[in-house]
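First residue of the sequence shown? That's 3 in the numbering used here, and the numbers climb one at a time after it.
For every residue, glycine included, the Cβ atom is placed at its ideal position computed from N, Cα and C.
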Amino acid sequence: MTEQSKNKILLPRVIYGNRGDILSRWGLLNGLLSLGQRDIKVFAHLPGDLPNEFCNTFYPYGKYHNLLLSHDARKALHESDRILWGGGLDLTDESSKAKLLYLSVLFSRYRKLGKQIDCVFQGAGPIVTSTGKVLTRQILNKTNHFIARDEYTLNLLHTINPATKLTLAGDAIFMPGFEDQINEHDQPSAIVPFVPPEGQLLVAINIRRWFHFSSDLIPFQLAKKRYENRGQQEMDRLVQIYVDLARKLRREYDARVLLVSAYNPGVFSWEDDMPWLQKIKTAFPLDDDVCLLDENLDMLDYLSLMSKVDMAISMRLHSSLTALRFGNPAVNISYSPKGVYVFNTLGLGDHAVEINTAMQQPDRIWQEVQLVLSNLSVEKQKVRIGVASLIEKNMDVLGSLFMEANE
């Protein structure tokens with residue numbers, strides 16, 4: 003016979019304004035509450051980044067990404083017995099090795115305090131440098147259990163450290179509870195200008211800066227000029243591809259195009275997608291059906307709006323996953339293997355287009371868009387079936403973390 007163990011759980015991951023990571027953490031919290039776990043503490047930036055149950059009880063982040071904590075946060079850390087690390091920050095040396103070094107230091111600290119560490123519904127890769135592999139192995143050695151959100155992550159981490167306990171699941175955004183939370187939320191007036199009249203398609207589009215990363219030890223935020231000088235020509239080309247895509251959506255489907263950032267505005271300008279979305283909008287100065295969403299929306303307002311889109315076309319993976327979570331199809335322009343493999347967990351791998359393919363053959367994106375829109379009801383049903391199955395799987399895997407044998 004088995005029963006759930008009750009743990010003092012802490013979610014310490016630092017997330018500033020990244021809507022996708024916020025929603026993955028939100029989903030994890032929903033899942034924990036659904037399992038009956040109640041002794042949960044969480045570090046967060048703003049009350050609106052959390053479900054209502056945690057809005058008044060969270061702990062603000064400490065300095066240097068929680069390396070230095072306030073007195074109350076230190077107390078919460080010491081009183082916890084289990085760290086759940088979730089909500090993004092994939093194990094990768096693609097953007098720099100700094101995040102791997104940070105995680106190694108942070109996990110070492112947690113281990114010295116006697117904490118159990120579980121990485122839950124997380125991704126990894128690419129990890130291509132020898133230093134990156136060494137740091138990843140050190141992180142995994144400090145981890146009790148790693149729940150991988152896709153098969154690529156599972157296989158990569160098994161290759162790097164076969165001793166790690168690994169389980170395959172999906173992203174934490176695929177958890178129950180979001181629909182009820184939206185329904186309990188008052189109809190947000192903030193999203194009314196962006197919702198088209200009944201019968202008009204609503205297509206959400208997202209882009210992100212790319213082509214500028216390297217595996218340096220110094221991260222982008224500490225060497226912005228050096229990074230920003232890379233990839234300008236490629237980004238100009240990518241913006242034009244997006245402009246052409248929006249034109250086709252307007253001309254052939256009379257769709258309302260919603261240009262939406264994966265970040266709450268004003269948090270970190272170097273992370274925000276808004277400058278690139280603004281460039282797309284400048285190609286449609288007189289077209290009110292190409293809408294730039296530059297509002298600082300409450301997360302429930304954002305969820306409510308994204309639940310109403312008919313499809314999403316995005317580079318940011320979680321911009322795609324947010325649409326999918328509510329049963330709406332998405333095409334992902336995948337800048338790393340995670341896009342294809344995460345879509346595969348839903349049986350939708352054919353709707354992820356690798357970035358280099360998209361750059362060389364932009365019609366490939368349009369082919370996927372046409373395929374979806376010409377069979378929209380069938381595609382929505384396929385998405386809903388995949389999402390329901392993945393929510394069930396994620397809940398089973400999360401529940402297994404809290405099962406213990408009774409002799």
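- For Pro62, the three-state secondary structure derived from DSSP is strand.
- Asp120 sits away from Val344, with the two beta carbons spaced by 8 Å or more.
- Within a 10 Å sphere around the beta-carbon of Met308 sit 16 or more other beta-carbons, which makes this residue buried.
- For Leu70, the CB contacts under 8 Å within the same chain, skipping 5 residues up- and downstream, are Gly64 in chain order.
- Secondary structure note for Ile387: its alpha helix (DSSP H) is the uninterrupted segment 378 to 403.
- Spatial neighbours of Tyr265 in its own chain (CB-CB distance under 7 Å, excluding positions within 5 residues in sequence) are listed in chain order as Gly19, Asn20, Arg21, Glu273, Asp274, Asp275.
- Three or more Cβ pairs closer than 8 Å define a contact, and the segment 135 to 146 meets that threshold against the segment 99 to 111.
- Selection Gly127, Ala171, Asp290, Val245 evaluated against Lys340 yields Gly127 as nearest (Cα-Cα).
- For Ser336, the three-state secondary structure derived from DSSP is strand.
- Taking C-beta atoms as the reference points, Gly88 and Ile17 fail to come closer than 8 Å.
- The bridge partners DSSP lists for Arg84 are Ile11, Gln118.
- Around the beta carbon of Met237, a 10 Å sphere encloses 16 or more other beta carbons of the protein chains shown; the residue is thus reported as buried.
- In the DSSP assignment, Leu307 falls within the alpha helix (DSSP H) that extends over 301 to 308.
- Closest option to Ile207, judged by alpha-carbon separation, among Arg76, Leu279, Tyr154: Leu279.
- Taking every protein chain shown into account, the CB of Val333 has 16 or more other CB atoms within 10 angstroms, so this residue is buried.
- Residue state for Ala46 is assigned as strand, using DSSP reduced to three classes.
- Pairing Glu394 with Met313, the inter-Cα distance amounts to about 23 Å.
- By the beta-carbon neighbour count (other beta carbons within 10 angstroms, threshold 16), Thr359 is exposed.
- Inside the segment 323 to 374, DSSP marks whole beta strand (DSSP E) runs of 3 or more residues at positions 332 to 336, 354 to 356, from first to last along the chain.
- Rounded to whole angstroms, the separation of the alpha carbons of Leu299 and Ser110 is 37 Å.
- The DSSP-derived three-state label of Arg258 is strand.
- By the Cβ test, the segment 361 to 370 is in contact with the segment 236 to 254, since at least three Cβ pairs between them sit closer than 8 Å.
- Counted as a single uninterrupted DSSP element, the alpha helix (DSSP H) harbouring Asn185 occupies residues 180 to 186.
- With fewer than three CB-CB distances shorter than 8 Å, the segment 315 to 328 does not count as touching the segment 279 to 294.
- Bridge pairing for Tyr112: absent [DSSP].
- Asp303 places its beta carbon 8 Å or farther from that of Pro198.
- Relative to Phe176, the option among Met361, Leu251, Leu115, Gly329 whose CA is nearest is Gly329.
- The C-beta distance from Lys117 to Asp83 rounds to 7 Å, short enough to meet the 8 Å contact threshold.
- Annotation: Leu305 to His187 spans about 10 Å, alpha carbon to alpha carbon.
- CA-CA distance, Met301 to Asp51, rounds to 6 Å.
- The beta-carbon distance between Leu348 and Gly401, rounded to whole angstroms, is 21 Å. This is too long to meet the 8 Å contact definition.
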